[in-house]
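Here the structure is laid out as structure tokens; the discussion comes afterwards.
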Amino acid sequence: MENLLGRITINPNVCHGKPTIRNKRYPVEMLLDLLAAGSTYKEILDDYPSLENDDILACLAYAAKLSKVKSVQNVIS
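4 is the number of the first residue of the sequence shown in my numbering; add one for each residue after it.
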């Protein structure tokens, strides 16, 4: 999982410092939203040819890591 997480970058000069894939302008949030909306890996990779399968897995690994907290406040708006 750590190898996958290395694909997630945070750079203040890219997407206002949001977590992105490999310092590209693909925010992790966007890819997770696409997956949550039902897009398949194939659809995402076809729509964004510079992404790789491991980039999608990295987003999922990042989300899993973020969800490992001791308590959760109301974050649903």
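Each residue gets a CB set at the ideal place from its N, CA and C atoms; glycine is no exception.
- Beta-carbon proximity list for residue 13, same chain, < 8 Å, skipping 5 on both sides: If you number the sequence shown from 1, residue 13 lands on position 10. If we look at residue 13 and ignore the five residues flanking it on each side, its Cβ neighbours are 20, 21, 22 and 23.
- Burial state of residue 67 (16 or more Cβ within 10 Å): Reading the sequence shown from its first residue, position 64 is the one you call residue 67. With fewer than 16 Cβ atoms within 10 Å of its Cβ, residue 67 is classed as exposed.
- Candidates 56, 48, 15 and 44, of which the one nearest residue 26 by Cα: Reading the sequence shown from its first residue, position 23 is the one you call residue 26. Checked all of 56, 48, 15 and 44; the closest Cα to residue 26 is 15.
- Message: Quick check on this structure: which residue in 42, 72, 61 and 6 has the alpha carbon closest to the alpha carbon of residue 30?
- Response: Numbered from its first residue, the sequence shown carries residue 30 at position 27. If we check each option's Cα against that of residue 30, 61 comes out closest.
- Task: Starting from the Cα of residue 36, find the closest Cα among 52, 53, 54 and 59 and give me that residue.
- Result: Translated into the one-based positions of the sequence shown, residue 36 becomes position 33. The candidate whose alpha carbon is nearest that of residue 36 is 59.
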